[in-house]
Amino acid sequence: MRKSNKKGFTLVELVVVIAIIGVLAAILIPTMMNYVKKSRMRTANSNAKLVFESINNMASDKVADGDKVSKITAATATAVSTYKSSTDVLEKAVWEALKDNGENGAGYVTLSYDPNDKNAENWVQWQTNDAKTDQITGQWPNAPKDVEAAEKLTFGSYSATPGKTTT
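All residue numbers for the sequence shown refer to this note's numbering, where the first residue is 32 and numbers rise by one.
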């Protein structure tokens, strides 16, 4: 009897392996995309909270010291890097909160914070850039809990109930 020296895989074996890889990819790719969106949402909410707490702490410190603190408002998307050279303590607090992301990575904010009005609705929204499309907006307080709610937020318009439409 003769011994065969042929080595390698048959065509059927290769097709089966490719089919298995295709099935795994079809299952894993949508799952991974969902993880990426959740990560972006959590980052956006975290950055919005960081800015909110920074300006809240700065305002509290200044008020406790007896200093006058003025309202800070950014109704339109404002690059965080524009606050870098500001002399206003609350604007400087916005930059200080996100400066570790770098000038280009600090993102954009819209906010309204009035330390002099106890009934004011104070809020911050953050996102990576000022584009209206393909963005996940994070906000604080009332951060969106899921990706769909975050995608429905309008950057520059605070929503006390993210994901729900108000009439």
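Yeah, the Cβ is synthetic: ideal placement off N, Cα and C, and Gly gets one too.
As the structure is a prediction and not an experimental result, all values here were calculated from the model.
Collapsed DSSP secondary structure at residue i in the structure displayed
i, result
"Leu184", "coil"
"Thr113", "helix"
"Ser190", "coil"
"Asn87", "helix"
"Asp148", "coil"
"Lys176", "coil"
"Gly136", "coil"
Counted within 10 angstroms of its Cβ, other Cβ atoms place residue i as buried (16 or more) or exposed
i, result
"Thr196", "No answer about Thr196 holds up, because its pLDDT of 48 lies below 50 and its placement is not dependable."
"Phe186", "buried"
"Val48", "exposed"
"Pro61", "exposed"
Residue i - partner residues in DSSP beta bridges
i, result
"Thr104", "Ser143"
"Gln170", "Gln156"
Beta-carbon proximity list for residue i, same chain, < 8 Å, skipping 5 on both sides
i, result
"Tyr144", "Phe83, Ile86, Asn87, Ala90, Lys102, Ile103, Thr104, Leu121, Ala151, Asn153, Trp154 and Val155"
"Thr74", "Gly169"
Beta-carbon proximity check, residue i vs residue j, cutoff 8 Å
i, j, result
"Tyr139", "Val94", "no"
"Leu129", "Asn78", "yes"
Own chain residues within Cβ distance below 6 Å of residue i, not counting five before or after
i, result
"Trp171", "Ala79, Lys80, Phe83 and Val155"
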